[in-house]
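Here is the structure we will look at, set down as structure tokens.
Residue numbers (my numbering): 78 to 415.
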């Protein structure tokens, strides 16, 4: 049972084990065999070979989009500017519609900081450069404190009250030289509720006691209550907003499609096919990078499972997308109603 729990923890970025595994992973892509080698594979070896390719396409490809680059550059700059600050440290808010790459952007910033810290402090095991948490729905201050504690592997049950948990978290982060704290799903906080206001206060308290740069990410934060009122003004006064949007149909979009196509490991797919379909892909996905990745990877998996080994517009159309990508007018309409 313990081994199963350890394995499960290693899959989640919201645990120290999971984050370390994420920062340490260097997955290698399987080599695409020649047609003759592919045709000559015995059944058992063919299954193993195909399984490796399926796993390759199942992984989320991280593309260095303009949003990712801007977030990493801005975040690393703030970390340096905050290095000697004793209070009023500044942070970032990454905000935009679902599926526009917010989580990828902040986790890539976290990865860059983690790897840089490892280079500067090799073979030092007690450092925790990055903490990554998500805000639970209907969060309370204790739940937020528990999320920090869970990442660090600290106890949160029994005799431990919220003050004990906060003190333990601050103590560990201070001792472990935590320099970056990533808080995702910030839209789950509403300052119009008592608990939401208390959660915002708890995060502010953490930011004052932990000498780290705080990075927030959430859906359309600039249109929510989080930047309004006295508490909102405090957040707005310390945090820079980086908006994320669906990509327009331009050279960057074409480059994204081309980059993803180059990662395909299919035997009968002709490179450039997706490039010719980039306008269709933009219309189908609404410019959402999450939907684009899902559609291309899903079509690649289908191509292996069916034995067609190629992607066409027909096979792309067979991949169901999320509602936001299929009907972007619903998202814009909801935003206008806030």
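By construction, the Cβ of each residue, glycine as well, lies at the ideal position given by its N, Cα and C atoms. Only a predicted model underlies this, so the values are computations on that prediction, with no experimental measurement involved.
(request) Give me the Cα-Cα distance between residue 90 and residue 260, rounded to the nearest whole angstrom. (result) Answer to the nearest angstrom: the Cα atoms are 12 Å apart.
(message) Just to confirm before moving on: does the CB-CB distance between residue 170 and residue 145 stay below 8 Å?
(response) Not in contact: residue 170 and residue 145 (Cβ atoms no closer than 8 Å).
(message) With three or more C-beta pairs closer than 8 Å as the rule, is the stretch 276 to 296 touching the stretch 216 to 231?
(response) Contact holds: three or more Cβ-Cβ distances are below 8 Å.
(message) Please classify residue 263 as buried or exposed, where buried requires at least 16 neighbouring CB atoms within 10 angstroms.
(response) Label assigned to residue 263: buried.
(request) Just mark residue 174 as buried or exposed, buried being the case when its beta carbon has 16 or more other beta carbons within 10 Å. (result) Under this definition residue 174 is a buried residue.
(request) Going by CA-CA distance only, name the one from 396, 255, 92 that's closest to residue 195. (result) Ranked by Cα distance from residue 195, the options 396, 255, 92 are led by 255.
(message) Using only CA atoms, which one of 244, 289, 249 lies nearest to residue 257?
(response) For residue 257, the closest alpha carbon among the candidates 244, 289, 249 is that of 289.
(request) Identify whether residue 343 lies in helix, strand or coil by the three-state DSSP scheme. (result) Reduced to three states, the DSSP call for residue 343 is coil.
(request) Using DSSP bridges, identify the partner residues of residue 169. (result) The partner list for residue 169 (beta bridge, DSSP) reads 292, 317.
(message) Determine whether the beta carbon atoms of residue 253 and residue 197 lie at a separation below 8 Å.
(response) A distance of 8 Å or more separates the beta carbons of residue 253 and residue 197.
(request) Provide the residue(s) that pair with residue 210 in DSSP beta bridges, ordered along the chain. (result) Its beta-bridge partners are 260.
(message) Is the beta carbon of residue 176 closer than 8 Å to that of residue 315?
(response) It is not a contact, given that the beta carbons lie outside the stated cut-off.
(message) Using only CA atoms, which one of 292, 305, 371 lies nearest to residue 155?
(response) Answer by Cα proximity: 292.
(request) Thinking residue 376 and residue 392 are a contact (beta carbons under 8 Å), I'd like their distance in whole angstroms, please. (result) Contact holds; Cβ gap of about 5 Å.
(message) Using a Cβ-Cβ cutoff of less than 8 Å, which residues in the same chain neighbour residue 321 once the five nearest sequence positions on both sides are dropped?
(response) Leaving aside the five residues that flank residue 321 on each side, the residues in its chain whose CB is nearer than 8 Å to its CB run, in chain order, 144, 171, 172, 173, 174, 177, 178, 179, 182.
(request) Please report how far the alpha carbon of residue 153 lies from the alpha carbon of residue 191, in whole angstroms. (result) About 11 Å.
(message) Considering only the alpha carbon of each residue, which of 399, 317, 210, 239 lies closest to residue 225?
(response) It is 210 whose Cα lies nearest to the Cα of residue 225.
(message) So, with DSSP's three-state summary, where would you put residue 365?
(response) DSSP places residue 365 in coil when its eight states are reduced to three.
(message) Do residue 326 and residue 359 count as a contact pair if the criterion is CB distance below 8 Å?
(response) Yes; because the gap between Cβ atoms is below 8 Å, this pair is in contact.
(request) Measure the C-alpha to C-alpha separation of residue 214 and residue 349 and round it to an integer number of angstroms. (result) The straight-line gap separating the alpha-carbon atoms of residue 214 and residue 349 is approximately 43 Å.
(request) Give the DSSP-derived three-state secondary structure of residue 205 in the structure shown. (result) Coil at residue 205, not helix or strand.
(request) List the whole-angstrom C-beta distance separating residue 92 from residue 228, where the pair is believed to meet the contact cut-off of C-beta under 8 Å. (result) Contact flag correct, Cβ pair sits at about 6 Å.
(request) In angstroms with no decimal places, state the Cα-to-Cα distance between residue 111 and residue 102. (result) Take the alpha-carbon of residue 111 and the one of residue 102: they are about 28 Å apart.
(request) Answer yes if the stretch 380 to 389 comes into contact with the stretch 338 to 348, meaning at least three C-beta pairs across the two stretches below 8 Å, and no otherwise. (result) They touch, by the three-pair rule.
(request) Buried or exposed for residue 187, please, with buried defined as at least 16 other CB atoms from any protein chain shown within 10 angstroms of its CB. (result) Here residue 187 is buried, its C-beta having at least 16 other C-beta atoms within 10 Å.
(request) Within its chain, find whatever has a CB closer than 7 Å to the CB of residue 386; leave out the 5 residues flanking it on each side and keep chain order. (result) Same-chain partners within the cutoff: 343, 344, 345, 346, 380.
(request) Consult DSSP for residue 230 and reduce its assignment to one of helix, strand or coil. (result) Coil, per DSSP.
(message) Checking 8 Å against the spacing of the C-beta atoms, do residue 373 and residue 337 come in under that value?
(response) With respect to residue 337, residue 373 sits close: the two C-beta atoms are nearer than 8 Å.
(message) Below 8 Å on the Cβ atoms is my contact criterion, and I expect residue 136 with residue 107 to pass it. Report the Cβ-Cβ distance as a whole number of Å.
(response) That belief does not hold up - the Cβ atoms of residue 136 and residue 107 are roughly 12 Å apart, past 8 Å.
(request) Report yes if the C-beta distance between residue 365 and residue 397 is below 8 Å; otherwise report no. (result) With a cutoff of 8 Å on beta-carbon distance, residue 365 and residue 397 are scored as not near each other.
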